[in-house]
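Colleague: Protein chains in written order, with this note's numbering: chain A, 1 to 380; chain B, 1001 to 1277.
Ideal Cβ placement from N, Cα and C applies to all residues, glycine included.
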């Protein structure tokens, strides 16, 4: 096992700076997920850690040792590729043992280590098959097995589940989490799938445009997003954003004016903003409640679309003055509003977020925990 | 209507194919027919498609006289050497041009491709002078070396390697393989059919090459089959049966090689064309 330390890491292709100074600490044995939209630089950074891409600036340390110029095979790292990259002309056993063969490990030991890894992954019966005779899930296991036999200090996964169907992806997620507990190795996992990020990662690193937006545990990122990007990226459906202006501040509560003229309360510390400042109000779909009708402080909305997902119903709502539609998650037990009907929307002050003009989140006020515990403030 | 029309086109197509095949096969069959006649019958005024008297005499005389076995050996050695060295050089060059990143890569590849523009005939004199200075006239190295650089083969391999996902190389690099090991253990097995196809084409071209051996070889013992056939004419006078027998014997190994590896050659060309791979 080894820690991974990145300091001021940059990657440049000609004049194009794609990784813009990344600082990150990955502890021994930690499962860290790099997440972000396509082209944000997460895979490039993973490849730089692997040694497949040169580091333009900054330092990389693995287990406390500088590794910028160390050959990929000598970094104590194994990587599972998105395509699995299993050599098509070799059997599963040959694929898994190839690195050991190159390292001139005795044949008996290669066989022993391949069998042990195969047993962990339950692929012992596949060892003599060629990759073309395997299913997607089996190939994925073989790719992981190829990494395991090397006994690396750090595992790197580059979107390894993206070629699997939804059911297999969910199953493999669980198996990967189990594998991490069993091996206890440091693992860095790249994905654009926030569900994978939230379920697998002990620490999540959110990337955007070659920079780290926020680092934290899944719960920290979900409950305390640092900015609009993180708030919008994590969560499905994404957080609802409503333009607002700061109407006032009273104690630990901010009052914001919404496009329809109503005023809502949010438990946020807005001391750095002035009254009248343009803000963004954020409410997660599960925190938006649909009430019978508008008025009495509820936001007026029209139901635009209803999606039944089995365990939950997604109601998409049009609100005057808001671009696009807001989403509300409601249970399947109650009555679902019909498309085209006029409804009212409410939310709790302790479950809403405020962001300044630059998109940075205001810290939640100390009253938030109390409010989240049950007190409803919300819209007036 | 449609069915009848389709049947008509099928019949026309089949008839055309048979006609073309007959046209292609006619010289070969005529050579065989001539080689199986007594020498006297080949110059007879009476024309017959088939021999009036069947005999293997021409083959026996060809193998017994002249230097045919020696020329066959020379051709085999030269063609095999050219094939092996060309494949080795072309695979390494193509891998470097396709997968490795180094300063001047595009320029070097451009220069290699420029060789397309130079006809071999234009290089005859400088090549001959070079070989002469190196003392390689009438030597196997002298026959082989100028034939081992093939821009076409490099280009075909490079195009094929470009189409192989880089993940394979990167996985091998992570496994601890250097460039030669990646080429040998990963790219070469993946490219099996295209390598076979290029090897067969190179072998046939080297076997049939007349011009360069004609320039570099003066000794009868160092001649290859195409060159030796011209000597057969001189040695036997106008002996058509023996000439045809020698030509058939000379072409036999190439035909055999093609028949043996026909499937791989076809698959290789399909893979190179992108129709299947």
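May I ask which residues mark the beginning and end of the beta strand (DSSP E) holding residue 216 of chain A?
Modeller: Per DSSP, residue 216 of chain A belongs to the beta strand (DSSP E) from 211 to 216.
Colleague: Within the 8 Å Cβ cut-off, does residue 89 of chain A reach chain B?
Modeller: Chain B, which has a Cβ nearer than 8 Å to the Cβ of residue 89 of chain A, makes this yes.
Colleague: Can you list, in chain order, the residues of the region 1141 to 1167 of chain B whose Cβ is nearer than 8 Å to any Cβ on chain A?
Modeller: The region 1141 to 1167 of chain B vs chain A, Cβ under 8 Å: 1165, 1167.
Colleague: So, helix, strand or coil for residue 373 of chain A, using DSSP?
Modeller: Reliability of the predicted coordinates at residue 373 of chain A is poor, the pLDDT of 45 falling under 50, and no value is obtained from them.
Colleague: Three or more beta-carbon pairs under 8 Å between the region 231 to 247 of chain A and the region 311 to 330 of chain A, yes or no?
Modeller: Counting Cβ pairs under 8 Å, three or more are found: they touch.
Colleague: When Cβ atoms are compared, which residues of the region 1094 to 1107 of chain B fall closer than 7 Å to chain A?
Modeller: The region 1094 to 1107 of chain B vs chain A, Cβ under 7 Å: nothing.
Colleague: Residue 243 of chain A bridges to which residues according to DSSP?
Modeller: According to DSSP, residue 243 of chain A bridges with A:280.
Colleague: Looking at residue 312 of chain A: is its Cβ nearer than 8 Å to the Cβ of residue 343 of chain A?
Modeller: Contact flag unset, no.
Colleague: Classify residue 86 of chain A as helix, strand or coil using the three-state DSSP reduction.
Modeller: Looking at residue 86 of chain A - three-state DSSP - the assignment turns out to be coil, as it is neither helix nor strand.
Colleague: Starting from the beta carbon of residue 52 of chain A, find every residue of chain B whose beta carbon is closer than 8 Å, and list them in chain order.
Modeller: Under the 8 Å cutoff, chain B gives 1170, 1173, 1174.
Colleague: Can you give the Cα-Cα distance for residue 7 of chain A and residue 71 of chain A, rounded to whole angstroms?
Modeller: Using only the alpha carbons, I get a separation of about 19 Å.
Colleague: Hey, could you find the ends of the alpha helix (DSSP H) residue 172 of chain A is sitting in?
Modeller: Per DSSP, residue 172 of chain A belongs to the alpha helix (DSSP H) from 166 to 183.
Colleague: Whose C-alpha, out of B:1124, B:1079, B:1053, B:1094, is nearest the C-alpha of residue 1212 of chain B?
Modeller: The shortest C-alpha separation from residue 1212 of chain B is found at B:1124.
Colleague: Tell me whether residue 1075 of chain B counts as near the ligand PLP, meaning its Cβ is closer than 7 Å to at least one heavy atom of that ligand.
Modeller: The ligand PLP is not part of this structure, which contains no ligands at all.
Colleague: Is there at least one Cβ from chain B nearer than 8 Å to residue 83 of chain A's Cβ?
Modeller: Closer than 8 Å: yes.
Colleague: With a cut-off of 8 Å on the beta carbons, I'd call residue 1027 of chain B and residue 1057 of chain B a contact; round off their distance for me.
Modeller: Not a contact, Cβ separation roughly 22 Å.
Colleague: State the DSSP-derived secondary structure class of residue 291 of chain A, mapped to helix, strand or coil.
Modeller: Residue 291 of chain A: strand per DSSP, three-state reduction.
Colleague: Answer yes or no: does any C-beta atom of chain B fall closer than 8 Å to that of residue 380 of chain A?
Modeller: Confidence in residue 380 of chain A is poor, its pLDDT being 41 and thus under 50, which makes the residue's placement unreliable; the coordinate value appears in the next sentence. No, no contact with chain B.
Colleague: The region 100 to 119 of chain A: which residues have C-beta closer than 7 Å to a C-beta of chain B, in chain order?
Modeller: So the close ones are 102, 103.
Colleague: Within the region 330 to 371 of chain A, note down every full beta strand (DSSP E) run reaching 3 residues or more, in order along the chain.
Modeller: The region 330 to 371 of chain A contains these whole beta strand (DSSP E) runs: 342 to 346, 352 to 355.
Colleague: I need the straight-line Cα distance from residue 276 of chain A to residue 236 of chain A, nearest angstrom please.
Modeller: Cα to Cα, the separation comes out at about 31 Å.
Colleague: Put residue 23 of chain A into one of helix, strand or coil per three-state DSSP.
Modeller: Correct three-state label for residue 23 of chain A: strand.
Colleague: Closest to residue 95 of chain A by C-alpha separation, out of A:66, A:149, A:44, would be which residue?
Modeller: When each option's Cα is compared against that of residue 95 of chain A, the closest is A:149.
Colleague: Closer than 8 Å is the cut-off here; do at least three beta carbon pairs connect the region 1166 to 1175 of chain B with the region 1047 to 1066 of chain B?
Modeller: With a cut-off of 8 Å, the region 1047 to 1066 of chain B and the region 1166 to 1175 of chain B do not count as touching, because too few Cβ pairs lie within range.
Colleague: Assign residue 37 of chain A to one of three DSSP states: helix, strand, or coil.
Modeller: Correct three-state label for residue 37 of chain A: coil.
Colleague: For residue 1189 of chain B, decide whether its Cβ has a neighbour in chain A, counting only Cβ atoms nearer than 8 Å.
Modeller: True, the Cβ-Cβ gap to chain A drops below 8 Å.
Colleague: Give me whichever residues DSSP pairs with residue 208 of chain A in a beta bridge.
Modeller: Answer is A:211, bridged to residue 208 of chain A.
Colleague: How would you label residue 159 of chain A, buried or exposed, when you count the other beta carbons within 10 angstroms and need 16 or more for buried?
Modeller: Buried, by the Cβ-count rule.
Colleague: Do three or more CB pairs link the region 49 to 68 of chain A to the region 207 to 220 of chain A at distances below 8 Å?
Modeller: The region 49 to 68 of chain A, when compared against the region 207 to 220 of chain A, does not touch it at the 8 Å Cβ threshold.
Colleague: Going by the CB atoms, is the gap between residue 137 of chain A and residue 117 of chain A shorter than 8 Å?
Modeller: No, these two residues do not count as a Cβ contact at 8 Å.
Colleague: Are any of the Cβ atoms in chain B nearer than 8 Å to that of residue 79 of chain A?
Modeller: So yes, residue 79 of chain A belongs to the interface.
Colleague: How many angstroms separate the CA atom of residue 1223 of chain B from the CA atom of residue 1111 of chain B?
Modeller: Rounded to whole angstroms, residue 1223 of chain B to residue 1111 of chain B spans 33 Å at the Cα level.
Colleague: Alpha carbon to alpha carbon, what distance is there between residue 1077 of chain B and residue 1219 of chain B?
Modeller: Going by the C-alpha atoms only, they are around 16 Å apart.
Colleague: Using a C-beta to C-beta distance shorter than 7 Å, which residues of chain B count as neighbours of residue 98 of chain A?
Modeller: Residues of chain B passing the Cβ test: 1175.
Colleague: Span of the beta strand (DSSP E) holding residue 308 of chain A?
Modeller: That run of the beta strand (DSSP E) goes 299 to 308.
Colleague: Where residue 278 of chain A and residue 261 of chain A are concerned, what is the direct C-alpha to C-alpha distance, given to the nearest angstrom?
Modeller: Cα to Cα, residue 278 of chain A sits roughly 14 Å from residue 261 of chain A.
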